[in-house]
Amino acid sequence: MPNRDLIDLDALSSLFPHRVALTADLVDLGLTGATVKRRCLPGGPWQRVLPGVLLLDRTAPTRWQLIQAALRYAGEDAVVTGSDALALHGVRPMLPHGRVHVLVPSRRFIRSSASVLVERTPSPPRPVLRHGLLTAPLARAAVDAARRITSRAVVSTLFAEVVFHKGVRLDELNTEVVVGMRRGAALCQEVLRDMGTRIRSGVASVARDLVLRAGVPPPRWNVPVDDASGNPLGVVTGTWDDVRLAWDVHAFDFDPAPDSYPTALKRGSRLAATGLLVLHTPATRLHSDQEGVITELITTFDQARSRACLSA
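Plus 728 on top of the position in the sequence shown (first one is 1) and you've got the numbering used here.
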């Protein structure tokens, strides 16, 4: 057993992330229960923030310290999610408020408290580390927060932030909605479907503008394409039939269907097998890299025209 006389009590806080420790941790280091209790009395150097969880400091706890306290309280495999996880990921619209929301595996039974919401889940996420705190991935955090929001406008703002500014795909959000608890799922799915529709409409408008700026002839727009056996491969953004060129702006980044991503990739290889020269462009680049897309349109059109001339 450690010698209590050799323990520097004032330096103990440096051993624990965010200065948060369990009473059991301190007893394991050799302190007595009476010593711990005495240091948490009014005017003492420590404070109790949750049952069995101490802040080894007398100042008011920061939000990060409250999150660490909630994680220690919830125990092994606990992960912070919801509004606090969004803030840890740097998402702007959602500021931490209310109880800290943590997830634990469904096999564990931990009571929620006035400051901690403990949610048991059969599908605990693999956490990422943010500010030294075990945090749910961004898509899971966004959906867990959205489930508890009743305002459609707020849910729309939240999902727009994580999609357009943080790079989360709609199908990732939809997957979290589908596999998670039913609470709030209907509103989340309505918002995701509406976002997908509006984004695809916007993609078509921007694509037309970029073709005009590139100075290439206008294609036929929204053309259904079949393979050699007559099986439909879907609709491509545009085709230049005289030079056998197809432009496929794949908007699976914004498709709420969970299987859209692999389906779009498989279609790309099948399109190429038809003999078309295919220019693939992620929909996100229509906004983030317009000059690059214009250059690719010009280069690929010239390449297709040269190929058509050689085969004529």
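Glycine residues also receive a C-beta, built at the ideal position from the N, C-alpha and C atoms.
query	result
Using C-beta distances below 7 Å, list every residue in its chain close to A956, excluding the 5 sequence neighbours before and after it, in chain order.	T1002
In whole angstroms, what separates the C-alpha of T1012 from that of F744?	42 Å
Note down the Cα distance separating D899 from C768, rounded to an integer number of angstroms.	48 Å
In chain order, which continuous runs of the beta strand (DSSP E) of length 3 or greater are located wholly inside the stretch 809-859?	828-833, 844-849, 856-858
Which residue spans inside the stretch 935-961 form an unbroken alpha helix (DSSP H) run of at least 4?	none
For D987, count the other beta carbons within 10 Å of its own beta carbon; 16 or more makes it buried, fewer makes it exposed. Which is it?	With a pLDDT of only 48 at D987, under 50, the local geometry of the prediction cannot be trusted, and the value read off the model is given with reservation. Under this definition D987 is an exposed residue.
Out of V807, Q775, D756, which one is the CA nearest neighbour of R747?	Q775
Please classify R732: does DSSP put it in a helix, a strand, or coil?	For R732, the predicted model reports a pLDDT of 49, less than 50, meaning its position is unreliable and no value from the coordinates is stated.
To the nearest whole angstrom, what separates the beta carbons of L845 and V832, a pair I think is in contact under 8 Å?	Actually they do not touch by this definition, with Cβ atoms about 11 Å apart.
With DSSP as the reference, label P745 as helix, strand or coil.	helix
Where does P986 sit, in a helix, a strand or coil, going by DSSP?	Because the pLDDT of P986 is 48, which lies under 50, any placement of that residue in the model is unreliable, and the number read from its coordinates should be weighed accordingly. P986: coil per DSSP, three-state reduction.
Less than 6 Å between C-beta atoms, sequence neighbours within five positions excluded: which residues of the same chain meet that for A935?	T965, V977
Based on DSSP bridge pairs, tell me the residues matched to Q917.	Note: Q917 sits in no beta bridge, so no partner.
How is D922 classed by DSSP in three states: helix, strand or coil?	helix
From L784 to P1010, what distance separates their C-alpha atoms?	50 Å
Three-state secondary structure (DSSP) at D1030?	helix
Go through its chain and collect everything with a Cβ distance to L794's Cβ below 8 Å, but skip five positions before and after it.	V777, V828, S843
Based on Cα-Cα distance, which residue from G962, V781, G810 lies nearest to R800?	V781
Tell me whether the beta-carbon of A813 lies closer than 7 Å to the beta-carbon of A867.	no
Looking only at its own chain, which residues have a Cβ that is under 8 Å from the Cβ of G803, when we skip the five neighbours before and after it?	V832, R836, I838
Go through its chain and collect everything with a Cβ distance to L1014's Cβ below 8 Å, but skip five positions before and after it.	V931, V934, A935, L938, V977, V1021
Compare the C-alpha of W975 against each of F1029, N959, V764 and name the closest.	F1029
Which residue marks the beginning of the alpha helix (DSSP H) containing H978, and which one marks its end?	From DSSP, H978 is part of no alpha helix (DSSP H) but of the beta strand (DSSP E) over 973-978.
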